[in-house]
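Engineer: Provided herewith is a single structure, encoded as structure tokens, for subsequent inquiry.
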Amino acid sequence: MPSPTSSSIALVTPTATNPPGPHATPTIPVMLPRQFPPSEFYPRFWSPPPDPDKPACPYLAGFAVEIKRHTPPPPFGDPHYGPGAWKERSDVDIKSVTQTELVLAYPPLECQNTAISSSPATTATLTVLKTLAVEDGRGAQLVLCSVTPSPWPQGPDEVVAKIFDPLYYSFESPHASHEADDVAWFADVHYTHEAAALHHLDEMRKGGRTGLSAPEYFGSWTFTLPITHAGQRVHRSVRLVLMENIEGCSMRDVCDDPALVSQYSEPDRLDVLAMILDSSVRQRHAGLDQRDLAPRNIILRPLSTTLPSGSNERPLSRPVIVDYNIAVVFELSRHGKRPYQLENLPPNPMKIFWGTSFGEFEGWVPSEWNSSYNAGQRWLKERFGGEAASQYAPVDTELEFSEY
1 MPSPTSSSIA
11 LVTPTATNPP
21 GPHATPTIPV
31 MLPRQFPPSE
41 FYPRFWSPPP
51 DPDKPACPYL
61 AGFAVEIKRH
71 TPPPPFGDPH
81 YGPGAWKERS
91 DVDIKSVTQT
101 ELVLAYPPLE
111 CQNTAISSSP
121 ATTATLTVLK
131 TLAVEDGRGA
141 QLVLCSVTPS
151 PWPQGPDEVV
161 AKIFDPLYYS
171 FESPHASHEA
181 DDVAWFADVH
191 YTHEAAALHH
201 LDEMRKGGRT
211 GLSAPEYFGS
221 WTFTLPITHA
231 GQRVHRSVRL
241 VLMENIEGCS
251 MRDVCDDPAL
261 VSQYSEPDRL
271 DVLAMILDSS
281 VRQRHAGLDQ
291 RDLAPRNIIL
301 RPLSTTLPSG
311 SNERPLSRPV
321 IVDYNIAVVF
331 ELSRHGKRPY
341 QLENLPPNPM
351 KIFWGTSFGE
361 FEGWVPSEWN
371 SSYNAGQRWL
381 KERFGGEAAS
391 QYAPVDTELE
401 FSEY
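FYI, in our numbering the residues of the sequence shown are 1 to 404.
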């Protein structure tokens, strides 16, 4: 058997779901990691090779960098958007290179429509004030930051940056141990999806849509970082989006803390769940499916409500849906607008979520829902049927209750 060659990479210097019920709306397929054919040259149990050129993750408090407005390419990388302009390189074998070599071999895509991206770029200085979710291997990094001079009129002093740096994605696939992930591809896919989704929701909000429950969007940006590889100092580009800082806890963190979740009565928890489902169908009516509606992606923003003295309960929270890196904007996809976008009213949550088990919301929903579709369906009928149904488009199918 021939022996494996050393890295054949030719480097260039980069430029600066739940189970459906009988009448559930078909769900959009989840984007799966790309598969690479097994090679006879490599051990069966591949692991990322040593990478001495890879620097430690820099996105800590005090990190500062000049950022520039960036026009992202159209979203790509799943069956709804297609492959986009991404091109494979025949001289790069993902299992024979380091993560640094892979990232340098595949700089982020640029927008091919020069008419869109030819306007002078706005520049500013981003300074990290606090880490929110920063860790080598976690994927996109989240930080609280300041941006000076402020590129938006009367904007907030602090915003959240979501940084899609492939050098700090997990090179070993989180979905299949001992398999490599094309981190450069994933970072670009996530960036283009998130930017397209947040931009679309922002445009819908400016056009008068309400109840979308998404963070305010402050645009897509890029910056460069130096790195030394093979004795040469080069610069690589990194993409990011800026968005509103939503102050509050994630629903997942609340569910995982008995002391926190006990501060919400069951009726209040179900009121919050109803708000989440209402916002989700309003997003769909506006032309977007977030595709990952889970407690980890719900921030509970407290409302300024005065409670009786001595009360142990929290004021009712307003949920905000975050994380759009696998979202689909229907009109940008191969399939175009969905039929319910053409209705005067959003689809009824009963129709969209009838076949949902709500298992993701364990700890927030009543315990009997964990083993019963029927219990959740009865709540949907009570909550969104009757007089409440007038807020939504008519349900055009018969909804049958599950036996379980």
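Ideal placement from N, C-alpha and C gives every residue a C-beta, glycine not left out.
Under the rule that 16 or more other beta-carbon atoms within 10 Å means buried, what is Leu167, buried or exposed?
Structural biologist: Mapped onto the sequence shown, residue 167 falls at position 167. Buried, because 16 or more other Cβ atoms sit within 10 Å of the Cβ of Leu167.
Engineer: Can you tell me whether Phe353 is buried or exposed? The criterion is at least 16 other CB atoms within 10 Å of its CB, across all chains shown.
Structural biologist: Position 353 of the sequence shown, counting from 1, holds the residue named residue 353. Buried, by the Cβ-count rule.
Engineer: Quick one: what's got a C-beta closer than 8 Å to Val365's C-beta in the same chain, skipping five residues either side?
Structural biologist: Mapped onto the sequence shown, residue 365 falls at position 365. Hits under 8 Å: Arg269, Leu270, Leu273, Phe358 and Gly376.
Engineer: In the DSSP assignment, the beta strand (DSSP E) including Ile298 goes from what residue to what residue?
Structural biologist: As a position in the sequence shown, residue 298 is number 298, starting the count at 1. Looking at the DSSP string, the run of the beta strand (DSSP E) that includes Ile298 is Ile298 to Pro302.
Engineer: Taking all protein chains shown into account, do 16 or more other C-beta atoms lie within 10 angstroms of the C-beta of Tyr404, making it buried, or fewer, making it exposed?
Structural biologist: The sequence position of residue 404 within the sequence shown is 404, counting from 1. Flag for Tyr404 reads exposed.
Engineer: Quick one: give me the first and last residue of the alpha helix (DSSP H) that Tyr373 is part of.
Structural biologist: One-based indexing of the sequence shown puts residue 373 at position 373. Unbroken alpha helix (DSSP H) run through Tyr373: Tyr373 to Phe384.
Engineer: Which whole-angstrom value is the C-beta distance of Val395 and Lys351, which I expect to be below 8 Å?
Structural biologist: Within the sequence shown, residue 395 is the residue found at index 395, counting from 1. Within the sequence shown, residue 351 is the residue found at index 351, counting from 1. So it is a contact: roughly 5 Å between Cβ atoms.
Engineer: For Thr148, count neighbouring C-beta atoms within 10 Å of its own C-beta (all shown protein chains included) and say buried if the count is 16 or more, exposed if not.
Structural biologist: Translated into the one-based positions of the sequence shown, residue 148 becomes position 148. Answer is exposed; the Cβ neighbour count stays below 16.
Engineer: Please list the terminal residues of the continuous beta strand (DSSP E) segment that includes Cys145.
Structural biologist: For the purposes of this step, residue 145 is identified with residue 145 of the sequence shown, where counting begins at 1. Looking at the DSSP string, the run of the beta strand (DSSP E) that includes Cys145 is Gln141 to Thr148.
Engineer: Quick check on the DSSP output: what are the complete beta strand (DSSP E) runs of length 3 or more inside the region 57-95, in order along the chain?
Structural biologist: DSSP runs (the beta strand (DSSP E)) wholly in the region 57-95: 64-69.
Engineer: Give the straight-line distance between the Cα atoms of Pro19 and His285, rounded to the nearest whole angstrom.
Structural biologist: By 1-based counting over the sequence shown, the position of residue 19 is 19. By 1-based counting over the sequence shown, the position of residue 285 is 285. Note that Pro19 has pLDDT 43, beneath the 50 cutoff, so the model's placement of it is unreliable and the number below is only indicative. In a straight line, the C-alpha of Pro19 is about 22 Å away from that of His285.
Engineer: With DSSP collapsed to three states, give me the class of Asp289.
Structural biologist: Numbered from its first residue, the sequence shown carries residue 289 at position 289. Reduced to three states, the DSSP call for Asp289 is strand.
Engineer: Can you tell me whether Pro153 sits near the ligand FMN, meaning its C-beta is under 7 Å from at least one heavy atom of the ligand?
Structural biologist: The ligand FMN is not among the ligands present in this structure, which contains no ligands whatsoever.
Engineer: Compare the beta carbon distance of Tyr169 and Gly139 with 8 Å and say whether it is the shorter of the two.
Structural biologist: Translated into positions along the sequence shown, residue 169 becomes position 169. Translated into positions along the sequence shown, residue 139 becomes position 139. Yes.
Engineer: Look at the alpha carbon of Phe330 and the alpha carbon of Leu212, and state the distance between them as a whole number of angstroms.
Structural biologist: Taking the first residue of the sequence shown as 1, we reach residue 330 at position 330. Taking the first residue of the sequence shown as 1, we reach residue 212 at position 212. Rounded to the nearest angstrom, the two C-alpha atoms are 16 Å apart.
Engineer: Which parts of the region 220-275 are runs of the alpha helix (DSSP H), unbroken and 4 residues or longer, counting only runs that do not cross its ends?
Structural biologist: As far as the region 220-275 is concerned, its whole alpha helix (DSSP H) runs of at least 4 residues are 251-255 and 258-261.
Engineer: Name the residue from Leu342, Asp289, Leu109 and Pro48 whose alpha carbon lies nearest to the alpha carbon of Tyr324.
Structural biologist: Position 324 of the sequence shown holds residue 324. Closest option to Tyr324, Cα to Cα, is Asp289.
Engineer: Does DSSP put Ile352 in a helix, in a strand, or in coil?
Structural biologist: Looking up residue 352 in the sequence shown gives position 352. Of the three classes helix, strand and coil, the one that applies to Ile352 here is helix, per DSSP.
Engineer: On the criterion of 16 or more Cβ atoms from any shown chain inside 10 Å, does Asn113 qualify as buried, or is it exposed?
Structural biologist: Taking the sequence shown and counting its residues from 1, the one referred to as residue 113 is at position 113. Looking at its Cβ environment, which holds fewer than 16 other Cβ atoms inside 10 Å, Asn113 is exposed.
Engineer: Is the region 126-140 close to the region 202-216, with three or more CB pairs under 8 Å?
Structural biologist: Flag = no, the region 126-140 and the region 202-216 do not touch.
Engineer: How many Å lie between Met275 and Arg89 at the Cα?
Structural biologist: Taking the sequence shown and counting its residues from 1, the one referred to as residue 275 is at position 275. Taking the sequence shown and counting its residues from 1, the one referred to as residue 89 is at position 89. Approximately 46 Å, taken between the alpha carbons.
Engineer: Check this for me: beta carbons of Cys57 and Val134, under 8 Å apart or not?
Structural biologist: Start at 1 with the first residue of the sequence shown, and residue 57 comes out as number 57. Start at 1 with the first residue of the sequence shown, and residue 134 comes out as number 134. Yes, Cβ-Cβ distance for Cys57 and Val134 is below 8 Å.
Engineer: If distances are taken between C-alpha atoms only, which option among His199, Ser367 and Ser390 comes closest to Asn344?
Structural biologist: Taking the first residue of the sequence shown as position 1, residue 344 is located at position 344. Taking only the C-alpha atoms, the option nearest Asn344 is Ser390.
Engineer: Comparing C-alpha positions only, which one of Val160, Pro73, Leu293 and Ile67 sits nearest to His190?
Structural biologist: Position 190 of the sequence shown, counted from the first residue, corresponds to residue 190. For the residues Val160, Pro73, Leu293 and Ile67, the minimum Cα distance to His190 belongs to Pro73.
Engineer: Please list the terminal residues of the continuous beta strand (DSSP E) segment that includes Arg318.
Structural biologist: Residue numbering aside, residue 318 sits at position 318 when the sequence shown is read from its first letter. First-last of the beta strand (DSSP E) with Arg318: Ser317 to Ile321.
Engineer: Taking the alpha-carbon of Gln154 as reference, which of Ser372, Glu244 and His70 has the nearest alpha-carbon?
Structural biologist: In the sequence shown, residue 154 corresponds to position 154, counting from 1. Among Ser372, Glu244 and His70, the Cα nearest to that of Gln154 is on Glu244.
Engineer: Residues in the same chain with beta-carbon distance under 7 Å from His335, minus the five sequence neighbours each way, listed in chain order, please.
Structural biologist: Taking the first residue of the sequence shown as 1, we reach residue 335 at position 335. Excluding residues within five positions, the ones whose Cβ falls inside 7 Å are His80.
Engineer: With distance defined between alpha-carbon atoms, name the residue in Asp157, Leu300, Arg252 and Gly363 nearest to Arg318.
Structural biologist: Taking the first residue of the sequence shown as 1, we reach residue 318 at position 318. Per the Cα distances, Leu300.
Engineer: Would you check if the region 176-189 and the region 91-100 touch, i.e. whether three or more CB-CB distances between them fall below 8 Å?
Structural biologist: Touching, per the Cβ criterion.
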